[in-house]
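Down below is the structure, laid out as structure tokens.
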Amino acid sequence: MNGLAFQTLAHHAGIVAKIHSAAAVKIGRRVRAVRHHLGISLEDLGELSEVSWTSIGKIERGAQSPNVETLVRLATALGVAPGDFLEDVTADDYGRRLHQVTARDLIAARAQRSGAGPGTGSGTRPGTGSGTESATSSWPGASAGPGASAG
Numbered sequence: 006m007n008g009l010a011f012q013t014l015a016h017h018a019g020i021v022a023k024i025h026s027a028a029a030v031k032i033g034r035r036v037r038a039v040r041h042h043l044g045i046s047l048e049d050l051g052e053l054s055e056v057s058w059t060s061i062g063k064i065e066r067g068a069q070s071p072n073v074e075t076l077v078r079l080a081t082a083l084g085v086a087p088g089d090f091l092e093d094v095t096a097d098d099y100g101r102r103l104h105q106v107t108a109r110d111l112i113a114a115r116a117q118r119s120g121a122g123p124g125t126g127s128g129t130r131p132g133t134g135s136g137t138e139s140a141t142s143s144w145p146g147a148s149a150g151p152g153a154s155a156g
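Take the sequence shown: its position 70, counted from the start at 1, is 75 in the working numbering, and no numbers get skipped.
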């Protein structure tokens with residue numbers, strides 16, 4: 006049996022893992038790179054992170070997209086910031102999106118449609134004066150941590 010026939014047979018038998026998304030591949034490569042740099046095995050990382058080593062293997066191959074809790078557990082065990090795994094990952098890395106509009110675009114369109122200038126529509130955050138600030142700006146309740154009163 007030639008290589009192509011074997012690959013096709015293996016794929017149909019479910020032996021070959023499918024790639025979840027370009028984002029999953031990027032994240033998985035980063036997890037693997039840090040793990041290899043530290044010289045620890047999948048089993049070691051599984052024990053340290055309390056994530057099954059088989060799941061970590063799937064994440065590293067891009068066959069599984071990790072949830073936030075898993076990313077935080079892996080990052081903590083590896084001694085890196087969880088955001089390091091997500092750098093330059095965008096919604097486009099997850100495949101075709103139905104909506105190509107950002108919140109900023111939506112706010113600007115609403116303001117234009119109502120004839121109001123940016124920042125005067127109901128879509129702005131209180132106290133910001135403009136609906137086009139960066140998403141990293143603070144918003145009401147952002148500093149409220151666990152146990153903080155709601156006002």
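Where is the CB? At the ideal position from N, CA and C, for every residue including glycine.
Residue range of the unbroken alpha helix (DSSP H) whose run includes residue i
i           : result
residue 48  : 47-54
residue 60  : 58-66
residue 30  : 27-43
residue 112 : 108-119
Residue j beta carbon less than 8 Å from that of residue i
i          : j           : result
residue 31 : residue 97  : no
residue 79 : residue 54  : yes
residue 70 : residue 42  : no
residue 1  : residue 100 : This structure cannot speak to residue 1, because the chain is shown only from 6 to 156.
residue 47 : residue 82  : no
residue 5  : residue 64  : No answer is possible for residue 5: it lies beyond the span of the chain, which begins at 6 and ends at 156.
Short CB-CB distance (under 8 Å) between residue i and chain D
i           : result
residue 118 : Annotation note: the requested chain D is absent from the structure, which comprises a single protein chain.
Residue from the options with nearest C-alpha to residue i
i          : options          : result
residue 73 : 29, 114, 58, 118 : 29
task = Mind listing, in chain order, the continuous alpha helix (DSSP H) runs of no fewer than 4 residues lying wholly within the region 68-104?
result = Taking only runs of at least 4 residues, the alpha helix (DSSP H) segments lying wholly in the region 68-104 are 73-83.
query = Touch check for the region 80-88 and the region 107-120: three-plus C-beta pairs under 8 Å?
reply = no
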